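Structure record follows, encoded as C-alpha cells.
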Amino acid sequence: MTTPDAVPAPDPQAASSAPGAAPLSAFLGGWARAQQSRPLPSHAAGGGPASQVPQADGAHAQAEQPQDTVLDEEHVFEVADPRDFADDAGPQYEDEDFDAPGEGDGVAAGAPSARLAPAEAPATTPAPAEAEPASAPSPAAAAPSASAPSPQSLVHEDEDLPPLEDFPHRFTDRELTWMDFNERVLEQAEDQDLHLLERAWFLAIFSSNLDEFYMVRVAGLMRRIKAGITPVRASGLDAHQVVAEITRRAKELTARQAAIWQDDIRPKLAEHHIEIKSWQELDEAQQEGLTRTFRHQIYPVLTPLAVDPSHPFPYISGLSLNLAVLLRNPKSGKEHFARVKVPASLPRLITVPGRELDTVDKAAGAAFIPLEEVVGQHLDHLFPGMEILEHHLFRVTRNENLEVEEDDAENLLAAMEKELERRRFGDCVRLEVADTISPFVRRYLVRALGLRDDDVFALPAPLDLRCLNQLHDLDVPALKYPRYVPVTAAGLGETETATPRDVFAAMREHDVLLHHPYDSFSTSVQEFVRQAAADPKVLAIKQTLYRTSGDSPIVDALIEAAEVGKQVVAIVEIKARFDEENNISWARKLERAGVHVVYGMVGLKTHCKLLLVVRQEADGLRRYCHVGTGNYHPKTARGYEDLGLLTTDRDVAQDLTTLFNFLSGYAPRARFRRLLVAPRTVRSGLIERIDREIENKRAGKDAWVRIKVNSIIDEKTIDALYRASRAGVSVDIVVRGICGIRAGIPGLSENIRVRSILGRYLEHSRIYAFCNDGDTDLFIGSADLMHRNLDRRVEALVRITDPEMVAHLTWFVTHSASDEVTSWWMEPDGSWTRHVTGPDGERLEDIQDTLMSLASKRVKGRG
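Per the UniProt record's numbering, the sequence shown starts with residue 1, numbered consecutively.
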C-alpha cells in the first residue's frame, strides 16, 4: 500500500490539550436556558383551511384568504369594476423582448436540555479532559483485528456513581442544537480575518440552511402541534416549547445576520467598489438604462394579480419573493390589493448599466440593484391609471416535507412524483416581510396566509440573502480564498500528468485512501467509473446513487456501459431530500439506456456510498470496490470534505456483493465481514466497541474513542459514550452540526471533549476509531449517529485494515479535536466558544489549510 500522503503526517503527539486557551468572548454559542417559569404559548400550525385542487402558481384557489374582505373601517376591498380602469392611462409593452420530525427523533422521557443549573455545572469552566496519548499508532500496533468485541461482554455502571438517569439534562434538543450549528455558520461571516466575498457566502449559507430547516423540521413540529401530538422529547421539551425557542432564536439570528450585512460586509465591499445600490442612489442615466432593461427583459415576465372577492388571494409559492401592492383608483376612490411575484427565472441582482465587472481591471468592481427594486419602481407600468399607495416585499416559507406511504404505493416512482406536486402547496410556516411594511398590510398577509403574528420575521431589505451567492460568483480573486487545485491521490499517479493512470492496475497493487477535496474526485472516483464503462473486460458495474448532478459524468458513464452491453445496476434513492425531482429525472434516463434501476427498499432510504466493478482477468473474475463517506457528485466533491477507499480486498468485495444483492433482491440472512450495515449492525457494532474500551480501561489497558461525524443525537450511543467517560476512557468527538451529547459535566462526561470545525470546505466525512489496546479498530462510511441513519436508512461503514491508513486517519481525527486547531469548543453549560488563538495569542492551525499543504507538498515531492 502507498501511504495516502508521501509527506510524513504531523506528529499526533502534538494534538494534546493546551489548557488555558482563552475563549473569545466575542463568539458566544449555545442556546439560552428555556424560561420554564414563563408559560410558553400554544402554537397553532400554519396554513389555512384545506387546499383545493392545485392550479397554476398565480391562480391557485387555495382557501388561504379570509372569507370577508373587511379588515377594519378604513380598508374595505371592493369588487373591481372594469369601467373603473382607463384603457389608455399608461405605457403598455408587448413582444418587446430543506427530515421532518418523525418517530424516534429524540422522543423520550427526560428533562429540559437547558444549560445545567449551577449545582450541576460549576460556574467556572473546567479545562478539557486530558486526552490519551494522541500519537498515531505504529503500523504494527494498527494491524487489523479480525474479531469484533464479544457481545456478551456486559458493562456495568460503577457502583459509586449515580445511574445515568440521575442526569436528566444529559441530552440537548435536536432542533435547538441545530440552531447552535447555524449560529456557528453566522460566526464565520463575522470573522474579520476571512476574505470579504467568503464572508458574504457564509451569510448566504446561513439563509439557505434556515430555509430548509423551516421547510422540514419546523414544519413537521407545527404539523404535530396541529394534530395534538406533542410528547416530551428526550431533551425534556415538548413541541410547543421547542417551536417557541426556535422562533425566539431564529429572529435574533436573522436580525444579527442583517446587521452583519448592512453595517459590516456591505460597506467594506463598497470600499472595494462592489456595491448593491438602491434606486435613489443611481444617477439619471443609470435609471434610464434600468427602465429599458425593465421594458425589454422584466415586464414581459411579470403577472400582477388583483385580490378581491372575485379574485381570491393567490397561491404564494414557497421561498418566492413577492410585492404586496396597495392601490387606489383615482376615479372611484376605491382601494385595491394586488400581488406581484418577483420572477425567480431572472437574476436576483441586476447589473447597474456602466458598472459591469471589467475582465481586465477587476479592481474597478461592479454595482448591482435588487430585481425587486427595479420592479417596485415601475409598478405604474403594471397598474396603469392607478395610484400606487404603497408596496412591500414579502416571502413565504411552506411545509415542503414529503410523505409517501411506501407500503401502500404500488409504484414508488409515481407516488413520489404525485407527492412532489403536492409539496408545492404545503402549509405556510413562516412569513418574512420588509421592516418598513405598514401595520395594515402586515395584518392582511398574516390573516390571508393563516399564520400567527409570531411567525412573522420583519427584516431590513434585501430579504433572502441567498442572493449573495451571486456576488460570491464574481471573479475577484483578491476577495476570495486562494485558489486550490485538487491533486491526484497518492497511489493513482506518481506524477501529475494529463493522462490518467490505469485505475485498475493501481488498485491491484494496493488499496488507495482518498481524501476529497484535497485529492481530486475527477482523477479518482470519476475516472474509475469512466474506465470501467470503457473497459471491454468489465462485465458489471453496481453503484448506489443518493445525490448527483444533472449533467453528471458518473451517470453518463453508467449509460455508456449499459449501451455497450455491460450489466449495470444503479440503486437510486429518489427520496433524497430536495433532490427528488432531479433523481427521478436521471433515473428515467438510466432506465431508457438499459440500466437496471432499483429504488432501494421500502421504508428505508439508501444512503450508503458504494461502487462495485466486476472485471474478467486472466486468473478469473476480480472485483474492484469503492466505499465512501460522500455522494458521487462531482460538483459537491469540490467543496465537501470526504473520505473514500479504493480496494480489491476479497472480504470487502464479498460484503459489497452481498449488500447489493440485499438491496436489489432478497437476502434477509445477509452477513458481513468488514462492513457494519444499518439498520442492522451499525449501532450495536459501535456500542460493542465502546463497551470493549470500557473493559480495557478497567483492566489497565490503553483505551480511547475518537469520532468524527456530521451529527450525533442517538441516545443509546450517547449513553454508551457517557459510560465510557465515567470509566475513565478518553472520548474525542468532532461534530459539524447537530450535537446531543454534553461535554465536561462532573460525574457524567469529564473525559469527553467535543469540538466543531467549520471552514472553507464542508466537513462531511465520518470516522469511528477505537484504541482496542493498541490494535486500532477504525471505520469510515456514510452513517452519522442519528436515529434516521441507524434505524431508517441503509448505511455502510467499512473497517480500515491497512496500518498506514489507520495511522493517518487516527492522526487526522485526533488532531482535529486537539487544542492546536481552530474550532468551536463545547462548554459544560452546552454553549459553544470559538477558539482561534492559543494561550500566547498565536493563531491556531486551520486543519483544512494543513491538509491542502500536505497534498501540495506530496505533488512537489513526485518530481
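Think of the CB as a built atom: it goes at the ideal place given N, C-alpha and C, for glycine as much as any other residue. Computed from a predicted model, the values in this text were never measured in an experiment.
For Ser684, name the three-state secondary structure that DSSP assigns.
Correct three-state label for Ser684: helix.
Could you check which residue in Arg443, Glu573, Asp238, Glu271 has the C-alpha nearest to that of residue 869?
Nothing can be reported for residue 869, as the shown portion of the chain is limited to 1 through 863.
Just to confirm my understanding: we take Leu28, look at its own chain, exclude 5 residues before and 5 after, and list those with CB closer than 6 Å. What are they?
Only weak support exists for where Leu28 lies, its pLDDT of 24 falling under 50; the value from the coordinates is given anyway. Cβ within range, chain order: n/a, list empty.
Using the C-alpha atoms, what's the distance from Cys467 back to Thr606?
One C-alpha to the other measures close to 33 Å.
Can you name, in chain order, every residue of its own chain whose Cβ lies under 8 Å from the Cβ of Glu845, other than the five neighbours on each side?
Within the same chain, Glu845 has close Cβ partners Glu820, Val821, Thr822.
Name the DSSP beta bridge partners of Ser730, please?
Trp704.
Consult DSSP for Ile752 and reduce its assignment to one of helix, strand or coil.
Strand.
So, at 7 Å on beta carbons, what are the nonlocal neighbours of Val503 in its own chain, with the 5 sequence-adjacent residues on each side left out?
Here the set comprises Leu492, Glu527, Phe528, Gln531.
DSSP three-state call for Gln543: helix, strand or coil?
In this structure, Gln543 counts as strand in the three-state DSSP scheme.
Taking the alpha carbon of Ala533 as the reference point, which residue from Val568, Thr436, His391 has its own alpha carbon closest?
Nearest option by C-alpha distance: Val568.
In whole angstroms, give me the CA-to-CA distance for Ser856 and Asp535.
In a straight line, the C-alpha of Ser856 is about 31 Å away from that of Asp535.
Taking 8 Å as the limit between beta carbons, can you name the residues of its chain near Leu621, skipping five residues before and five after?
Here the set comprises Leu539, Val614, Arg615.
When the distance is taken between beta carbons, is Leu327 closer than 8 Å to Phe383?
For Phe383 and Leu327, yes; Cβs fall inside 8 Å.
By a C-beta neighbour count over all protein chains shown, 10 Å radius and 16 as the cutoff for buried, is Ala364 buried or exposed?
Under this definition Ala364 is an exposed residue.
For Tyr444, name the three-state secondary structure that DSSP assigns.
Helix at Tyr444.
With DSSP collapsed to three states, give me the class of Met826.
Met826: strand per DSSP, three-state reduction.
Thinking Leu659 and Arg792 are a contact (beta carbons under 8 Å), I'd like their distance in whole angstroms, please.
Wrong, their Cβ atoms sit about 17 Å apart, outside the cutoff.
From Glu804 to Tyr546, what distance separates their C-alpha atoms?
Near 30 Å, if we compare the C-alpha coordinates of Tyr546 and Glu804.
My output table needs one value for Gln531: the three-state DSSP class, helix, strand or coil.
If DSSP states are grouped into helix, strand and coil, Gln531 belongs with the helices.
Is it true that the CB of Ile687 sits closer than 8 Å to the CB of Ile712?
No, Cβ-Cβ distance for Ile712 and Ile687 is not below 8 Å.
My output table needs one value for Phe167: the three-state DSSP class, helix, strand or coil.
Coil at Phe167, not helix or strand.
How about Leu290 and Ile350: do their beta carbons lie closer than 8 Å?
Contact: yes.
Exposed or buried, which one is Leu389 when buried takes at least 16 other CB atoms within 10 Å?
Looking at its Cβ environment, which holds fewer than 16 other Cβ atoms inside 10 Å, Leu389 is exposed.
With DSSP as the reference, please indicate the residues paired to Thr397 in a beta bridge.
According to DSSP, which records beta bridges pairwise, Thr397 is partnered with Arg430.
Is it true that the segment 678-685 meets the segment 747-763, where meeting means three or more beta-carbon pairs spaced less than 8 Å apart?
With a cut-off of 8 Å, the segment 747-763 and the segment 678-685 do not count as touching, because too few Cβ pairs lie within range.
Suppose you measure from the CA of Glu406 to the CA of Tyr640; what does that come to, to the nearest Å?
In this predicted model, Glu406 has a pLDDT of only 43, less than 50, meaning its place in the structure is not dependable enough to derive any value.
Tell me the residue span of the alpha helix (DSSP H) that contains Val555.
Start and end: 553-563.
Locate the beta strand (DSSP E) running through Val602, then write down its first and last residues.
Segment: none, Val602 is in no beta strand (DSSP E) and carries neither H nor E.
Can a CB atom of chain E be found closer than 8 Å to the CB of Ala363?
The structure shown contains no chain E; it is built from a single protein chain.
Look up Cys771 in the DSSP assignment and give the residues it is bridged to.
Bridge partners of Cys771: none, in fact.
In the DSSP output, which residue or residues are listed as bridge partners for Tyr640?
Partner(s): Leu762.
Can you name, in chain order, every residue of its own chain whose Cβ lies under 8 Å from the Cβ of Leu809, other than the five neighbours on each side?
These residues qualify, in order along the chain: Leu513, Leu643, Ile767, Ala769, Leu778, Ile780, Ile800.
Assign Gly747 to buried or exposed, taking buried as 16 or more other Cβ atoms, counted over all protein chains shown, within 10 Å of its Cβ.
With fewer than 16 other Cβ atoms within 10 Å, it is exposed.
Grouping DSSP H, G and I as helix and E and B as strand, with all else coil, what is Glu845?
Three-state result, Glu845: strand.
Inspect the CB distances between the segment 369-383 and the segment 284-304 and report whether three or more fall short of 8 Å.
Contact between the segment 369-383 and the segment 284-304 is present, because at least three Cβ pairs lie under 8 Å.
Find the nearest neighbour of Ser816 within the set Val754, Thr681, Leu186, His516, judged by alpha-carbon distance.
Ser816 has its Cα closest to that of Val754, out of Val754, Thr681, Leu186, His516.
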